[in-house]
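Enquirer: Shown below is the structure under consideration.
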Amino acid sequence: MSVVRPVTLVTGAAGGIGAALARRLASSHDLILSGRNVGTLEALCAEVGGSALVLDLTRPDSFESALAGVGRVSNVVHNAGVVELGAVAEQGHAVWSHTLAVNVVAPAELTRLLLPRVRAERGSVVFVNSGAGLRANAGWGSYAASKFGLKALADALREEEAGAGVRVSSVYPGRTATPMQEKVRSQEGAAYTPEAFIDPDSVAATIEFVLNAPRDATLPDVSVRPGPR
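Per my numbering, the sequence shown starts with residue 1429, numbered consecutively.
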């Protein structure tokens, strides 16, 4: 008797946490991988056996047509995100609009469109948030606001979909050795030393655990912080 494998869609899959997660799930999940760098994404799909899904996260109106050919979806992992540091007094509306569009509006619309599929599978929606989704520091206003908004989206969705058997989790990684962190360190005027931060695979292992948790348990909020060195 063949086992029906879950189908897991991961955004921001071309690198960092998303790519690490794809490699972890490849042996037990069928994967739909979304990312911005098409060449890198296609190479990863060839490696792990997944299929590529090209989405422009600034154009949520394009999602419905992009998803037209997608079949089953058991789980959705919202991992894509953008960050632009700056004081509230210095950042114009374009930065705020772009950050909120990619980090909040896109996950909300993608979730809305995929919910019928996820409900049918009694699957999970995982939002990869940030420590900035729990506390806003100086210079992080636009990013933190988007991550606070992402937490609100997850919290509301969890209550709304519990009766349909859909599990909703937020994962809050601390600083992780990813290309985004390299950009942040550059914006902070500091050196990027990957070994000083959480390994992306450690965050991916946490997400894998959340997805594969026994059905009688749900993990609403999981924080991942650097361990002792």
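Beta carbons: idealized from backbone N, C-alpha and C, even for Gly.
What you are looking at is a predicted structure, and each value in this text was computed from that prediction instead of being measured.
Can you give me the Cβ contacts of residue 1658 inside the same chain, cut-off strictly under 7 angstroms, excluding the 5 residues immediately before and after it?
Expert: With the chain running from 1429 to 1657 in the structure shown, residue 1658 is simply not present.
Enquirer: What number of angstroms, rounded off, separates the C-alpha of residue 1479 from the C-alpha of residue 1565?
Expert: Straight-line Cα distance between these residues: approximately 38 angstroms.
Enquirer: Taking 8 angstroms as the cut-off, does the stretch 1513–1521 touch the stretch 1548–1565 (at least 3 CB pairs, one atom from each stretch)?
Expert: Contact between the stretch 1548–1565 and the stretch 1513–1521 is absent, because fewer than three Cβ pairs lie under 8 angstroms.
Enquirer: So, are the CB atoms of residue 1658 and residue 1576 less than 7 angstroms apart?
Expert: Shown here, the chain extends from 1429 to 1657; a query on residue 1658 therefore has no answer.
Enquirer: In the structure shown, what three-state DSSP assignment does residue 1458 receive?
Expert: Strand, per DSSP.
Enquirer: Along the chain, where does the beta strand (DSSP E) containing residue 1437 start, and where does it finish?
Expert: Residues 1435–1438.
Enquirer: Assuming residue 1501 and residue 1635 make a contact with CB atoms under 8 angstroms, what is their CB distance in whole Å?
Expert: With a Cβ gap of about 16 angstroms, residue 1501 and residue 1635 do not count as contacting.
Enquirer: Let me make sure I understand the geometry here. Which of 1460, 1477 and 1450 has the alpha-carbon closest to that of residue 1497?
Expert: Ranking 1460, 1477 and 1450 by Cα distance to residue 1497 puts 1460 first.
Enquirer: Starting from residue 1598, follow its DSSP beta bridges and name the residues at the other end.
Expert: Partner(s): 1555 and 1649.
Enquirer: Quick one: residues in its chain with C-beta nearer than 7 angstroms to the C-beta of residue 1450, no 5 flanking neighbours on either side, listed in chain order?
Expert: 1438, 1441, 1459, 1461, 1472, 1476 and 1478, listed in sequence order.
Enquirer: Indicate the three-state DSSP secondary structure (helix, strand or coil) for residue 1640 in the structure shown.
Expert: Coil, per DSSP.
Enquirer: Less than 7 angstroms between the C-beta atoms of residue 1485 and residue 1532, yes or no?
Expert: The answer is no: Cβ separation not under 7 angstroms.
Enquirer: CB residue 1399 to CB residue 1554, shorter than 7 angstroms?
Expert: Here the chain comprises residues numbered 1429 to 1657, so residue 1399 is not present and cannot be evaluated.
Enquirer: Please report the straight-line C-alpha distance between residue 1600 and residue 1432, rounded to a whole angstrom.
Expert: Between residue 1600 and residue 1432, the C-alpha separation is close to 30 angstroms.
Enquirer: Give me the Cβ distance between residue 1547 and residue 1592, rounded to the nearest whole Å; I'm assuming they're in contact under 8 angstroms.
Expert: Indeed, because the Cβ distance is near 5 angstroms, the residues count as touching under 8 angstroms.
Enquirer: Straight-line CA distance for residue 1550 to residue 1649?
Expert: Going from the Cα of residue 1550 to the Cα of residue 1649 covers about 19 angstroms.
Enquirer: Does residue 1515 come out as helix, strand or coil in the three-state DSSP assignment?
Expert: Reduced to three states, the DSSP call for residue 1515 is coil.
Enquirer: Over what stretch of residues does the alpha helix (DSSP H) that includes residue 1479 continue unbroken?
Expert: Per DSSP, residue 1479 belongs to no alpha helix (DSSP H); it is in the beta strand (DSSP E), 1479–1481.
Enquirer: Cα separation between residue 1616 and residue 1622?
Expert: C-alpha separation (whole angstroms): 15 angstroms.
Enquirer: Could you check if residue 1595 is buried or exposed, using at least 16 other CB atoms within 10 Å of its CB as the buried criterion?
Expert: By the neighbour-count rule (16 or more Cβ atoms within 10 Å), residue 1595 is buried.
Enquirer: Under three-state DSSP, which class holds residue 1604?
Expert: Three-state result, residue 1604: strand.
Enquirer: Quick check on residue 1628: buried or exposed, where buried means 16 or more other Cβ atoms within 10 Å of its Cβ?
Expert: Under this definition residue 1628 is a buried residue.
Enquirer: Buried or exposed for residue 1499, please, with buried defined as at least 16 other CB atoms from any protein chain shown within 10 angstroms of its CB.
Expert: Result: exposed.
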